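Peer 1: Protein chains in written order, with the numbering used here: chain C, 2 to 290; chain L, 3 to 439.
Backbone N, C-alpha and C define an ideal beta-carbon position, used for all residues, glycine too.
Quick caveat: nothing in here was measured; it's all calculated off a predicted structure.
Below: one structure in structure tokens.
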Amino acid sequence: MAKSGIVAALTGASLVQKGAIAAGALFCVTVLWGAVQPREEVPYDPVKAHHEHPEQIVWSHNGIGNIGITGTFDRGQLQRGFKVYKEVCAACHSISRVAFRDLLALGFSEGQAKAIAAEYTVPSIDESGEPTTRPATLADKFPPVYANEVAARAAQNGAYPPDLSLITKARHDGTNYVRSLLLGYRDEVPTDFQKADTLWYNPWFASLAIAMPPPLASDEQVEYTDGTAPTINNYATDVSAFLAWTAEPKLDNRKETGVAAIAFLLILTILGYLSYKKVWRDVKKPKSA
Amino acid sequence: MSFPWAKQYQPTTEIGKFMDSRLPLPRFVYGALGAGYPTPKNLNYFYNFGVLAGVALVIQIITGVVLGMHYAADTSVAFDSVEHIMRDVNGGWMLRYMHAVGASFFFAVVYIHIFRGLYYGSYKPPREVLWMLGLVIFLLMMATAFMGYVLVWGQMSFWGAAVITGLFSALPLVGEAIQTWLLGGFSPDNATLNRFFSLHYLLPFVIFGVIILHVWSLHIPGSNNPTGLDVKSEQDTVPFHPYYTSKDFFGLGVYLIIFSAFVFFMPNSLGEPDNYIPANPLSTPAHIVPEWYFWPFYAILRAFTTDFLFIPAKLWGVIAMFASILLLFFLPWLDTSPVRSNKYRPLNRILFWVFVAVCVGLGVAGGKPAEEPWVIISQLLTAYYFAHFLIILPLVSRLEKPLPLPNSISEAVLSKFGGSTLGDGSRPGGAVAQPAE
């Protein structure tokens, strides 16, 4: 076919085709004109160079292969994580999407959950209609730590401690991320990275400089009563698991439902396949010629 | 419509006879999806995806209607209401994950459906209108999915809305006014959320209407098939029911198993973590990316980096992105090869797979930040995308020498089983490309 074939194809092309070829050539030339422009040298970015990806560890709720398809929460770990949250994180961070009744899912009895709720006060209205406060009940959600963002920033040197209810779903590889961040404070700052003196160097934080001081300072900072070693490492792991639960409280229920749904669908599909084969038997096997 | 040997509906019950002379709905269904619709007997599993797309839409509508009972379209509570669904509504997490994963699956199914149409030449005469109605559905789906994503009112919702409506601001003179009109303000806000909710609820039913036209248009010539040959006789077809109802039922089961695997075991794997952060107009995410099903078009949008012919780069990107879909409307007149199926088009078959690879490559590049090497990759692949449809296809359709076609669908099917003396390609009068009618 060679050259004359293409020329013949071009001249024989319909009006639509000729217009298309012209338009196509215009788009190609334009985009390729951009492609051949010299690229600007990308300046060295210390933030990118020093940023670390979360350290991978095995989680009970990630199940077989640690890929999250199977696995349920470890309630003992969630209770320890809740204790770490309550005694350390809760000083600045809220979990205001979690209700006290949700604590029953951690294995707390109703009495225990009620006692925890009663430690918090929530806004209310008294008999004369005046604003007042009352102890929280199971129906309440964890109250916010600060009245609003301005109050938080005023108290925290300009920084805003985010609500942690969804934090592990709001970050890539969130559960590992939170754990790595909590354990990731470094005293030695790379020489090519500048940060304000009020910030802390943490290579797992997006900007490397985080306003939160290292929250887990020493072993035995939080008392563990179930025999687990009270180490910083365990605190970080347990509280990360707890925050995985606050972000996805229906995880166990979801996977359980999934097993039932897929088991049902498998049987249905196998029956469907058999009836399909039966219906088609005569068509697929042509009568011998 | 349909073929002369199509079975006629015979009401057997009293109520059947009563209805048939008053509202012949059973007769209609019988002819559309029942034994009264003769269908080529050689359809492979890729032909399941039309029905699957319909099911995917129904799943979206059902879950969406229930989600709408619990969702509040107000910027102050929209994000909270989604979390309320996830935590407090009975089975709410399942509805919401089915809806979110369902959107991804709807697109995946439709993409396979479109590529199947491309491979077997289903856009060629006499199915041009069928093809164009499909493209209308695809465009409506894109609008619906985009607006649904905004309803979550997370960070990516907000900034996605800002970026996508910002595309219109690239138009000269009227652009800014159009963006303001679309948003109902100068940036995404409550007015935007309310109108997007309203339209997101409306458009699926518009899609449903266009699907009815799509299926109507399908039933005039009947389904295409992997050989691309026209149906010639009753031997070429089987009644839709029970043959394809049983096959579609099996295909649906497989689809629902894969769908359930995502819904129940990795529901967030197809989404962006940033959308679990409530919308914040004061904080721009580091990388604003749409959901995966928009990545190829996002890559084309960002591939144009230089002003050219007095048109700014941004406007080129917007024109190219819209053109990349709109050009598909012209496909039946760009590819003039008389042979439909790529089974018998040796050169175009290779080009088809190159094109598939280019689309996947554009998808990967579109999901990455606008940095090298992804910019140059997007640019080269974008050039090929346009060259494929607008230059290569018109020329190849004239240059290519197709393989000899079998005489009929039945003959092609028989030759597959090796039992036929006719299907060896040496039959008299073979080797002539049969024009598509």
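Secondary structure at L/P31, three-state DSSP: helix, strand or coil?
Peer 2: Here residue 31 of chain L is Val; the residue named in the question, Pro, does not match the sequence. Helix at L/V31.
Peer 1: Check whether the region 192-202 of chain C touches the region 43-55 of chain C, counting contact only when three or more Cβ pairs, one atom from each stretch, lie closer than 8 Å.
Peer 2: Touching, per the Cβ criterion.
Peer 1: Kindly indicate if chain L contains any beta-carbon less than 9 Å away from that of C/G35.
Peer 2: Taking Cβ atoms only, chain L reaches closer than 9 Å to C/G35, which makes this a yes.
Peer 1: What is the DSSP secondary structure of C/T133, counted as helix, strand or coil?
Peer 2: Here C/T133 sits in strand by DSSP.
Peer 1: Which residues in the same chain have their Cβ closer than 8 Å to the Cβ of L/F210, if we skip the five residues on either side of it in sequence?
Peer 2: Same-chain partners within the cutoff: L59, I63.
Peer 1: Can you look up C/S219 in the DSSP assignment and give me helix, strand or coil?
Peer 2: Coil, per DSSP.
Peer 1: For L/G363, which three-state DSSP category applies?
Peer 2: The answer is helix: DSSP assigns L/G363 an H, G or I state.
Peer 1: Name the chain L residues whose beta carbon is nearer than 7 Å to that of C/K170?
Peer 2: Result: N270, P275, Y278.
Peer 1: If you drop the 5 nearest sequence neighbours on each side, which residues of the same chain put their C-beta closer than 7 Å to that of L/I180?
Peer 2: Correct list, in chain order: F170, L173.
Peer 1: Confirm, please, whether the CB-CB distance from L/Q157 to L/N46 is below 9 Å.
Peer 2: Taking 9 Å as the Cβ cut-off, L/N46 and L/Q157 do not qualify as a contacting pair.
Peer 1: Got a sec? Which residues, its chain only, sit under 8 Å from C/G185 by beta carbon, not counting five neighbours each side?
Peer 2: If we look at C/G185 and ignore the five residues flanking it on each side, its Cβ neighbours are E53, N203, P204, W205, F206.
Peer 1: Can a CB atom of chain L be found closer than 9 Å to the CB of C/L11?
Peer 2: Chain L, which has a Cβ nearer than 9 Å to the Cβ of C/L11, makes this yes.
Peer 1: Are the C-beta atoms of L/R89 and some chain C residue less than 9 Å apart?
Peer 2: L/R89 counts as touching chain C.
Peer 1: Would you mind telling me which residues of chain L sit closer than 9 Å to C/K251, beta carbon to beta carbon, in chain order?
Peer 2: Here the neighbours are M88, R89, G94, W95, M96.
Peer 1: Could you confirm whether any beta carbon from chain C is found closer than 9 Å to the beta carbon of L/A288?
Peer 2: Yes - at least one Cβ of chain C is within 9 Å of the one on L/A288.
Peer 1: May I have the straight-line CA-CA distance separating L/L204 from L/V291, to the nearest angstrom?
Peer 2: Answer to the nearest angstrom: the Cα atoms are 25 Å apart.
Peer 1: Can you tell me the Cα-Cα spacing of L/Y73 and L/A8, whole angstroms?
Peer 2: Those two C-alpha atoms are separated by around 48 Å.
Peer 1: Helix, strand or coil for C/W60? Go by DSSP, reduced to three states.
Peer 2: Looking at C/W60 - three-state DSSP - the assignment turns out to be coil, as it is neither helix nor strand.
Peer 1: Under three-state DSSP, which class holds L/G70?
Peer 2: Looking at L/G70 - three-state DSSP - the assignment turns out to be helix.
Peer 1: Within 10 angstroms of the Cβ of L/I352, are there 16 or more other Cβ atoms? Answer buried if so, exposed if not.
Peer 2: It is exposed - the Cβ of L/I352 has fewer than 16 other Cβ atoms within 10 Å.
Peer 1: Determine the burial state of L/Y121: buried for a count of at least 16 other Cβ atoms within 10 Å of its Cβ, exposed for fewer.
Peer 2: Counting Cβ neighbours within 10 Å, L/Y121 comes out buried, since at least 16 surround it.
Peer 1: Got a sec, what are the start and stop residues for the alpha helix (DSSP H) L/P334 sits in?
Peer 2: Taken as a continuous stretch (DSSP letters only), the alpha helix (DSSP H) holding L/P334 covers 333-336.
Peer 1: Which same chain residues, not among the five before or five after L/H289, have their C-beta less than 6 Å away from its C-beta?
Peer 2: Correct list, in chain order: P371.
Peer 1: For the alpha helix (DSSP H) containing L/S262, list its first residue and its last residue.
Peer 2: Start and end: 247-267.
Peer 1: Under a Cβ-count criterion, where at least 16 other Cβ atoms within 10 Å of its own Cβ denotes burial, should L/D238 be classed as buried or exposed?
Peer 2: By the neighbour-count rule (16 or more Cβ atoms within 10 Å), L/D238 is buried.
Peer 1: Strictly below 7 Å CB to CB, what residues from chain L border C/C29?
Peer 2: A385, F388, A389, listed in chain order.
Peer 1: Would you report the Cα separation of L/H216 and L/L132, rounded to the nearest angstrom?
Peer 2: Cα-Cα distance, rounded: 6 Å.
Peer 1: Determine, for L/Q10, whether the minimum Cβ-Cβ distance to residues of chain C falls below 9 Å.
Peer 2: Not closer than 9 Å to any Cβ of chain C, the Cβ of L/Q10 fails to qualify, so no.
Peer 1: If you measure from the beta carbon of L/G162 to each beta carbon in chain C, is any gap under 9 Å?
Peer 2: False, the Cβ-Cβ gap to chain C never drops below 9 Å.
Peer 1: For C/T258, which three-state DSSP category applies?
Peer 2: Helix.
Peer 1: Tell me the DSSP secondary structure of C/A125 in three-state form.
Peer 2: It is Ser, not Ala, that sits at residue 125 of chain C in the sequence shown. Strand at C/S125.
Peer 1: Round the Cβ separation of C/I22 and C/A14 to the nearest angstrom and send it over; I've been treating them as touching at under 8 Å.
Peer 2: About 7 Å separates the two Cβ atoms, so the contact holds.
Peer 1: Run through chain C and tell me which residues come within less than 7 Å of L/P396, C-beta to C-beta.
Peer 2: Correct list: A14, Q18, A21, I22.
Peer 1: Under DSSP, the alpha helix (DSSP H) around L/N396 begins and ends at which residues?
Peer 2: Here the sequence assigns Pro to residue 396 of chain L, which means Asn is not the residue at that position. First-last of the alpha helix (DSSP H) with L/P396: 395-401.
Peer 1: When DSSP labels each residue in this structure, what does L/T298 get in the three-state scheme?
Peer 2: The residue you asked about is not Thr; residue 298 of chain L is Pro in the sequence shown. It is helical.
Peer 1: Does L/L195 pass the burial test, meaning 16 or more other C-beta atoms within 10 Å, or should it be called exposed?
Peer 2: Looking at its Cβ environment, which holds 16 or more other Cβ atoms inside 10 Å, L/L195 is buried.
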